[in-house]
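Enquirer:
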Amino acid sequence: MDVHDLDFAPDAGEVETAELYYSEDVLVKAFALGPGGELSPHEHPGQTNSFHVVEGSVVVVQGDDEQSVDAPGVVVHEPGVPHGARNESDDVAVFTATMAPMG
6 MDVHDLDFAP DAGEVETAEL YYSEDVLVKA FALGPGGELS PHEHPGQTNS FHVVEGSVVV
66 VQGDDEQSVD APGVVVHEPG VPHGARNESD DVAVFTATMA PMG
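Counting in our numbering, the sequence shown runs from 6 upward without gaps.
1) What is the DSSP secondary structure of aspartate 10, reduced to helix, strand or coil?
2) Here's a check: name, in chain order, each residue in its chain whose Cβ is nearer than 6 Å to the Cβ of glycine 78, leaving out the five neighbours to either side.
3) Are the CB atoms of proline 50 and proline 87 within a distance shorter than 8 Å?
4) Just list the residues that DSSP pairs asparagine 54 with in beta bridges.
5) Identify whether valine 63 lies in helix, strand or coil by the three-state DSSP scheme.
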């Protein structure tokens with residue numbers, strides 16, 4: 006599935022998500038953040054997680070650090086590191102999150 010085929014249209018402050026791929030080894034999800042939307046910081050012990058910004062710009066939170074990442078951009082989160090994202094722009098931002106290993 007191509008993330009651009011999804012019909013994302015989150016309103017301000019909203020987050021929409023869709024599962025793109027799942028296997029015993031990996032999970033790929035897509036997230037669309039409306040203006041002001043936020044994926045709260047969380048962690049995945051034992052899993053590497055990478056964000057791939059495919060549309061717009063997101064502020065990626067990683068531990069105590071924050072960085073603005075524009076499409077196309079990638080940020081890798083090591084296992085157990087708290088991470089999240091928020092959209093500080095006036096446009097919808099879309100990114101995928103890949104987590105592995107799943108087991």
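Cβ atoms here follow ideal geometry from the backbone N, Cα and C, with glycine treated the same way.
Expert: Short version:
1) Helix, per DSSP.
2) Correct list, in chain order: Val58.
3) Contact: no.
4) BP columns for asparagine 54 point to His82, Met104.
5) In the structure shown, valine 63 sits in a strand (DSSP, three-state: E or B).
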